[in-house]
Amino acid sequence: MMLSTSAARMGCVRTTLREIGKRKLHSTARCVRGRKSLMTQNIRVPLSFELSRWKSTMATYSDSEDESESARSLGHAEASKARSVSSHEEAWMINLGRDGNNEWLSTQRDADEWFTGLKPSICAGSDANGKIRSLALPKLDTVTRQAAKEYFDNSWTLYETLFAGLKGEEGFYRPPPHGLRHPQIFYYGHTACLYVNKLRVSGVLSKPVNAYFESIFEVGVDEMLWDDMHKNDMLWPTVKEVHEYRRQVYSVVVDAILNHPSLDDSNGRVEVDQSHPMWALFMGYEHERIHLETSSVLFRETPYHLVQAPENWPPIHPSADGNRPSSNPIESIDYPSNRMIPVTQGTVDLGKPADFPSFGWDNEYGERNLDVPDFQASEFMVSNGEFYEFVKSGGYRNKENWCDDSWAWRTHRNMKWPFFWEPAGPAGSHEYKLRTIFKVVDMPWDWPVDVNYYEAKAFCRWKTRKDGSPTSKPYRLLTEAEHHLIRDENSNLAAARKNVLADKVMATSGGEFPEGSHGANLNLAFSSQNPVDHFAPSHTGHRDTTGNAWEWTEDHFNPLKGFEVHHVYDDFSTPCFDGKHSMIVGGSFISTGDEASVFARFHFRPHFLQHSGFRLVASHDDAPATHLFAGAFEGQVAARDAMQSEREEMDTVGTSNVYETNESLNMYLGLHYPASGEKEAVAPILPHANAPNHGVGFPQRVAQLLSTLNPEKTTNRALDMGCAVGGASFELAKNFDQVDAFDFSETFVNAAKRMQTGEAIPFRVPVEAELFEEVNAVHEAGTKAATLDKVNFFTGDACKVVEMASEGTLGTYDGVIMSNLLCRLPDPMACLNGLSTVVNKGGIVVMVTPFSWLEEFTPRAKWLGGFYDPVSKQPIASKDVLKEVMEDRGFVKIHEEEMPLVIREHQRKYQYIVSEASGWRKEK
2 MMLSTSAARM
12 GCVRTTLREI
22 GKRKLHSTAR
32 CVRGRKSLMT
42 QNIRVPLSFE
52 LSRWKSTMAT
62 YSDSEDESES
72 ARSLGHAEAS
82 KARSVSSHEE
92 AWMINLGRDG
102 NNEWLSTQRD
112 ADEWFTGLKP
122 SICAGSDANG
132 KIRSLALPKL
142 DTVTRQAAKE
152 YFDNSWTLYE
162 TLFAGLKGEE
172 GFYRPPPHGL
182 RHPQIFYYGH
192 TACLYVNKLR
202 VSGVLSKPVN
212 AYFESIFEVG
222 VDEMLWDDMH
232 KNDMLWPTVK
242 EVHEYRRQVY
252 SVVVDAILNH
262 PSLDDSNGRV
272 EVDQSHPMWA
282 LFMGYEHERI
292 HLETSSVLFR
302 ETPYHLVQAP
312 ENWPPIHPSA
322 DGNRPSSNPI
332 ESIDYPSNRM
342 IPVTQGTVDL
352 GKPADFPSFG
362 WDNEYGERNL
372 DVPDFQASEF
382 MVSNGEFYEF
392 VKSGGYRNKE
402 NWCDDSWAWR
412 THRNMKWPFF
422 WEPAGPAGSH
432 EYKLRTIFKV
442 VDMPWDWPVD
452 VNYYEAKAFC
462 RWKTRKDGSP
472 TSKPYRLLTE
482 AEHHLIRDEN
492 SNLAAARKNV
502 LADKVMATSG
512 GEFPEGSHGA
522 NLNLAFSSQN
532 PVDHFAPSHT
542 GHRDTTGNAW
552 EWTEDHFNPL
562 KGFEVHHVYD
572 DFSTPCFDGK
582 HSMIVGGSFI
592 STGDEASVFA
602 RFHFRPHFLQ
612 HSGFRLVASH
622 DDAPATHLFA
632 GAFEGQVAAR
642 DAMQSEREEM
652 DTVGTSNVYE
662 TNESLNMYLG
672 LHYPASGEKE
682 AVAPILPHAN
692 APNHGVGFPQ
702 RVAQLLSTLN
712 PEKTTNRALD
722 MGCAVGGASF
732 ELAKNFDQVD
742 AFDFSETFVN
752 AAKRMQTGEA
762 IPFRVPVEAE
772 LFEEVNAVHE
782 AGTKAATLDK
792 VNFFTGDACK
802 VVEMASEGTL
812 GTYDGVIMSN
822 LLCRLPDPMA
832 CLNGLSTVVN
842 KGGIVVMVTP
852 FSWLEEFTPR
862 AKWLGGFYDP
872 VSKQPIASKD
882 VLKEVMEDRG
892 FVKIHEEEMP
902 LVIREHQRKY
912 QYIVSEASGW
922 RKEK
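The sequence shown finishes on residue 925 if you use this note's numbering, and the numbering steps up by one all the way, no holes.
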């Protein structure tokens with residue numbers, strides 16, 4: 002039995018949304034039976050679970066959406082069980098060695114086998130050599146089914162071409178080195194999942210393709226701090242399972258494109274705007290392209306031996322070829338001198354017109370007019386060669402170059418040079434090569450350096466200290482408004498508002514982007530950066546104002562005036578309007594679609610690594626940047642320290658156990674032994690008219706309910722799970738030959754043992770504020786010593802029933818009671834999974850619970866119900882899910898009633914709780 006809400010406080014964890022169905026698959030029952038037979042075995046990966054999960058989770062689109070929930074709930078529970086077998090540090094390795102994953106992944110992919118849509122050779126966007134690049138961004142004022150499918154195929158095949166670059170299964174499951182993102186298997190399934198979920202929200206699809214996958218692949222990660230090392234090391238589906246899922250989703254989306262009536266142009270042109278149901282389709286395209294880029298960064302971070310350049314992947318820029326020095330580059334020879342160019346003041350109007358005929362994310366719409374004072378900006382983005390001097394001079398080791406936050410990040414990561422620089426000589430020699438997505442090349446000193454916001458700002462401080470600033474204020478980064486002033490006048494915001502095609506990505510594919518007088522490395526023209534002086538300057542004389550690498554800015558990610566969320570993806574931007582995300586501008590070589598648009602507005606946390614660099618800026622005026630909170634990106638150290646303090650406090654609580662306090666012991670002794678206080682004339686409830694005395698004696702009533710349900714007697718033993726101080730256990734002993742009773746609290750178990758010996762236990766009954774009465778705990782009248790001797794008390798964990806059974810701590814029982822326990826467990830499914838192991842056939846489980854789910858006790862991802870389906874918005878009730886779970890484990894519901902209880906806070910205040918008491922007979 003667990004404390005009420007106000008009686009205890011524990012820690013919170015993050016949320017994973019789930020959807021619960023109302024019917025179960027026949028294969029789910031097979032899955033459960035197969036798994037049950039393995040539950041007492043100490044195995045690393047339950048193979049029969051894998052086989053049965055394939056049957057239960059590979060539900061086809063034609064299946065009802067309700068048929069997959071059992072598989073989802075059980076899958077989460079089994080993943081938790083499997084994780085507990087191996088050490089935390091290597092927990093992700095439980096995913097390796099299943100279904101022959103490595104055999105078909107360890108070499109170049111067979112195109113006919115790997116691609117679940119069109120293979121590159123026949124896909125729009127491929128050149129004569131079979132290299133695939135991005136198409137132009139679709140115009141939505143005249144949408145045809147053919148054009149929509151071509152862009153879908155291009156997006157889908159580009160993404161799968163990238164993932165053909167993982168060599169072997171390990172790359173799919175190994176967490177990134179910083180531990181801040183999901184493993185790649187998540188992202189392999191995530192983009193397909195979003196197509197389904199968003200098309201369901203918009204009404205285009207009515208059913209899931211695979212409800213389990215559309216739960217676990219739904220929510221990505223936005224890591225809060227650089228040392229937030231929490232990562233999901235769950236038992237993920239196999240690559241083959243996700244591959245099959247992608248094949249199913251591809252077919253479903255193509256069917257929607259070709260047959261959904263909203264794209265029927267037989268009666269005139271089809272215009273897709275934000276109110277159109279197929280806006281969600283184009284949202285899926287652009288979401289996939291975002292992850293094409295962010296996943297490519299994860300590839301670049303993956304150990305080199307785990308990647309391979311896919312046959313159809315675009316080549317890196319030809320400037321990567323040739324021999325270059327690994328150290329001591331020479332300015333003007335190995336990289337260009339970077340002069341500061343004055344820019345005259347101007348006005349910038351931000352915001353994408355609502356009627357612009359391309360897809361846009363919610364943050365792009367709205368308006369803001371900004372006056373930008375005179376400033377100077379470097380001609381080039383800072384190159385590897387220019388940054389080398391900062392590295393060699395000890396810039397990373399000098400705290401003066403860093404703010405508190407960035408210094409904490411640098412020391413935590415022990416950074417001494419940019420992450421993608423590969424040491425190529427002895428320590429201290431400062432010899433480097435460069436890691437691209439799939440290759441390690443001689444250091445191209447004239448390419449833009451890849452750094453995060455913290456590193457960029459440190460360079461600015463170092464540069465100011467070393468050379469001084471050309472203005473009255475120190476060097477800094479660009480702002481969003483300044484960026485739009487130096488973009489070429491033929492393709493800037495004003496030009497695009499006048500002519501749609503001035504937003505170059507609206508008319509230019511990746512293969513064509515480098516061409517002409519306004520060429521750029523964008524839309525996946527190449528699969529790497531290029532020299533900072535390769536392309537022609539803008540009208541202000543600045544290079545790479547679009548493409549090559551993103552540029553960090555001084556702006557917080559922010560909404561424009563008139564910002565509105567889109568109902569299909571209502572949390573795309575708003576969670577990041579927090580003053581902790583820096584805007585990035587201009588796009589990189591792998592930015593495609595909307596990311597390559599002049600209207601794009603994207604962002605990352607300052608410690609986040611992207612294909613991103615920076616440009617030096619100086620001005621006499623303050624930076625015309627938008628900050629949601631005072632300062633820029635400071636204060637995260639304080640937030641981290643506060644979080645760590647809270648974690649340490651919660652660790653202390655977890656170690657000492659919230660139920661070990663005297664206050665809790667007093668409360669539970671009063672609850673379990675209501676006859677206490679009669680001698681002292683202290684009633685459990687202050688006598689008054691209509692007093693809720695029917696709520697007294699709750700533990701005894703739970704035990705009595707089990708007996709009245711007449712469990713079949715095999716061993717004549719009963720189990721009290723979460724026995725607290727033993728009141729229900731002694732009541733059970735009146736009708737069973739032996740009672741095992743355990744609780745997580747050692748204090749509670751010790752008190753129960755003392756009550757068993759007849760020792761007088763004084764405890765306090767609260768009266769008013771600090772006033773109390775002291776009484777002795779006494780048994781109910783008629784309780785005999787022989788009855789007390791039948792009970793075996795011990796400490797135990799209700800989430801580890803299987804483990805306790807395999808160790809011999811638990812046996813098998815004709816009756817089990819769980820009194821207000823389920824919704825106070827950190828993993829209720831782990832508890833429910835163990836019941837079939839310890840209950841005899843014909844035995845009965847009495848489960849009493851108010852279903853009062855709280856993150857203080859149970860991570861939201863573990864709640865059985867009490868939330869809304871994230872897609873259908875239908876309420877999910879815990880009792881319905883409990884029925885599914887128990888029936889899947891061979892139990893039949895034979896009884897249900899409402900069972901009240903009263904918990905005293907003081908003589909004039911009580912908690913009145915109505916729990917659902919249900920009885921479950923084991924039939925199998």
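Note that the Cβ used here is the ideal one computed from N, Cα and C, for glycine as well.
It should be emphasised that the depicted structure is a prediction, and the values quoted were computed from it without experimental measurement.
Span separating the alpha-carbon of residue i from that of residue j
i	j	result
V205	V220	21 Å
N711	N694	27 Å
Q875	A508	43 Å
D113	F173	21 Å
D545	I585	14 Å
W418	Y397	7 Å
E171	S328	33 Å
V697	P767	16 Å
P427	H413	23 Å
T61	I317	The pLDDT assigned to T61 is 34, lower than 50, so where the model puts this residue is not dependable; a value taken from the coordinates is nonetheless given after this. Cα to Cα, the separation comes out at about 40 Å.
E713	H689	42 Å
V847	S708	10 Å
S407	R134	36 Å
Neighbourhood of residue i by C-beta distance below 6 Å, restricted to the same chain and skipping five residues each side
i	result
P515	A526
A676	V779, E781
Q739	R718, K791
L823	P829, T850
A753	V726, G727, F794
G1	Outside the displayed range of the chain (2 to 925) lies residue 1, so it cannot be described from this structure.
P538	R544
Beta bridge counterpart(s) of residue i as assigned by DSSP
i	result
M444	DSSP lists no partner for M444.
L435	W422, V442
R477	V618
S583	H557, F605
E804	None; E804 has no bridge partner.
S916	M900
Y1	Since the displayed the chain opens at 2 and closes at 925, residue 1 lies outside it and no answer follows.
D741	L720, N793
Burial state of residue i (16 or more Cβ within 10 Å)
i	result
K785	exposed
L236	buried
G517	exposed
A78	Summary for A78: the model assigns pLDDT 39, below 50, so the residue's position carries little reliability; its value from the coordinates is reported in the next sentence. Under this definition A78 is a buried residue.
H540	exposed
S665	buried
A129	exposed
G101	exposed
Residue i and residue j closer than 8 Å at C-beta
i	j	result
M756	F743	no
D447	V569	no
P901	V915	yes
N531	T593	no
E368	L494	no
G386	P343	no
G614	D451	yes
Y188	E289	no
T117	W314	no
Proximal residues to residue i (C-beta, below 7 Å), its chain only, five neighbours per side dropped
i	result
E287	F360, G594, D595
A559	One point to set straight first is that residue 559 is Asn, not Ala, in the sequence displayed. Counting only Cβ-Cβ distances below 7 Å, and skipping sequence neighbours, we find F578, T627, L629.
Proximal residues to residue i (C-beta, below 8 Å), its chain only, five neighbours per side dropped
i	result
K680	V776, N777, V779
W280	S203, V273, D274, F360, H567, V569
E302	P177, P178, H179, F420, L610
Within-8 Å CB hit, residue i to chain D
i	result
G797	No chain D appears in this structure, which consists of one protein chain only.
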